[in-house]
Amino acid sequence: MKKICIIYNSKISLFNKFLLNRIVKILKKNSHVETFATEKVGHATLLCKVHIKKFDIVIAAGGDGTINEVINGMDERTPLGIIPLGTANIGAYEANINKNPRKTAQIILSGKIKKIHIQEANNRKFFLMTGVGYDASIVETVQSNLLLKKIFGKLLFFIISFTKLIYFKKYELKILANNKAYLANWVIITNAKHYGGAFQLTKDTDIFEKKLITYLFINLTRFDVIKNLLKILKRQNLEENNKVIKIISDDIFINSKLKVPIQCDGEFIGNLPLQIKNTKKTMNLLVKEELNVQARSEEHTS
Numbered sequence: 007m008k009k010i011c012i013i014y015n016s017k018i019s020l021f022n023k024f025l026l027n028r029i030v031k032i033l034k035k036n037s038h039v040e041t042f043a044t045e046k047v048g049h050a051t052l053l054c055k056v057h058i059k060k061f062d063i064v065i066a067a068g069g070d071g072t073i074n075e076v077i078n079g080m081d082e083r084t085p086l087g088i089i090p091l092g093t094a095n096i097g098a099y100e101a102n103i104n105k106n107p108r109k110t111a112q113i114i115l116s117g118k119i120k121k122i123h124i125q126e127a128n129n130r131k132f133f134l135m136t137g138v139g140y141d142a143s144i145v146e147t148v149q150s151n152l153l154l155k156k157i158f159g160k161l162l163f164f165i166i167s168f169t170k171l172i173y174f175k176k177y178e179l180k181i182l183a184n185n186k187a188y189l190a191n192w193v194i195i196t197n198a199k200h201y202g203g204a205f206q207l208t209k210d211t212d213i214f215e216k217k218l219i220t221y222l223f224i225n226l227t228r229f230d231v232i233k234n235l236l237k238i239l240k241r242q243n244l245e246e247n248n249k250v251i252k253i254i255s256d257d258i259f260i261n262s263k264l265k266v267p268i269q270c271d272g273e274f275i276g277n278l279p280l281q282i283k284n285t286k287k288t289m290n291l292l293v294k295e296e297l298n299v300q301a302r303s304e305e306h307t308s
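Structure below.
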């Protein structure tokens, strides 16, 4: 009998709590399951570190921020499961996991894994992306209004995004990568192909790839922001042009003379400076059978 630890965000909606309870009920038919609710920011990491050695599987139930916190308490051996109960659920889109209780429980019980690649932002692990400037300012504002986030969900992100365009702030950022210096107004460093949910940022990487891609937005105007966001909404790749620079680097440093916010996996984590490192470390993510088959195939051919 497998021992399963579920760490869940205590602020999830009543509907998501209902879905979680259904999944727990299914899992308990064949496994020993214990659930732990987070009480504050960073609590999921602490819960994971305290309990991880007692369980065969650790499950992060919540949004990308909850998954991020759990990942920061994980080791490289214990399988990680995802129950997507957040606003954007980018990690779940990357791994093709939905909210269907039966299918989610099946993935957890199957034991099928695929390795995801872990990066670091100021020594904090992340598995999706880090943003500096425009999107980070949106995340910071949303995070300071958690009650409104619970009520409006994704709609609040669109409202705040629109407000940030009206009161547009052009950040001045200095980026060091590949022994070169760049100037930009907004930066996205991504290990994921999705952005803001099911929308697509790039086809050049995903959480199962080793590649870390950085997009620098230069000479940014309101119109440029709208144009790039529309591309993402239409699931069109961001392409390098005279306003967008694409960098592939495992080590990036970003700074500014002014106070500039940083978001990491959809959570505000502070202000610049920022040091990004591609750690080359991996973690075992529980996935659907077809992804597991693909993983075995890739290992066999490498």
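Everything in the sequence shown is counted per this note's numbering, starting at 7 for the first residue and increasing by one. We treat Cβ as the ideally placed atom computed from N, Cα and C, and that holds for glycine. Keep in mind it's a predicted model, so treat the numbers as computed, not measured.
Residue range 273-277 is occupied by the beta strand (DSSP E) that includes N277. Per DSSP, I119 is one residue of the beta strand (DSSP E) stretching across 119-127. Residue ranges of uninterrupted beta strand (DSSP E) with 3 or more members, entirely inside the region 45-96 and ordered along the chain, are 63-68, 86-90. Of the residues assessed, E100 falls on the buried side of the cut-off, its CB having 16 or more other CB atoms within 10 angstroms. Runs of the alpha helix (DSSP H) spanning 4 or more residues and lying entirely within the region 149-178 occur at 152-158, 160-172, in chain order.
Y173 counts as exposed, since fewer than 16 other beta carbons sit within 10 angstroms of its beta carbon. Distance from the CA atom of Y14 to the CA atom of A142, rounded to whole angstroms, is 24 angstroms. Judged by DSSP secondary structure, V193 falls within the beta strand (DSSP E) whose first and last residues are 192-196. The beta carbon of L189 is closer than 8 angstroms to those of E178, L179, K180, I181, I224 in its chain, skipping five residues each way along the sequence. For D212, the closest alpha carbon among the candidates P85, I96, R228, I18 is that of I96. For the pair of segments examined, the region 48-56 was found to touch the region 69-81: the number of CB pairs separated by less than 8 angstroms reaches three.
Of the candidates Y140, N36, E45, the residue whose Cα lies closest to the Cα of S16 is E45.
When the Cα atoms are used, L161 and I144 turn out to be separated by approximately 12 angstroms. The Cβ atoms of T136 and I195 lie closer than 9 angstroms to each other.
In this model, A50 and I282 are separated by some 23 angstroms (Cα to Cα). Per the coordinates, the alpha-carbon of I12 lies some 5 angstroms from the alpha-carbon of I65. In the structure shown, the three-state DSSP call for E40 is strand. Closest in alpha carbon position to E295, among G117, K8, K23, is G117.
Boundaries for N234: no beta strand (DSSP E) harbours it, while the alpha helix (DSSP H) harbouring it runs 228-239, taken from the DSSP string.
Taking 9 angstroms as the cut-off, the beta carbon of E146 is found no closer than this to the beta carbon of P279.
Only exposed fits N185, as fewer than 16 other CB atoms lie within 10 angstroms of its CB.
Excluding sequence positions up to five before and after G139, its CB lies within less than 7 angstroms of the CB of Y177, L179, N191, W192, V193, V266, all in the same chain and listed in chain order. In the structure shown, N27 falls within a helical segment according to DSSP collapsed to helix, strand and coil. For V231 and K34, the gap between their C-alpha atoms comes out near 47 angstroms. Selection N102, T93, P107, F229 evaluated against F163 yields T93 as nearest (Cα-Cα).
Nearest neighbour of A43 by Cα position, chosen from N36, D210, N27, turns out to be N27.
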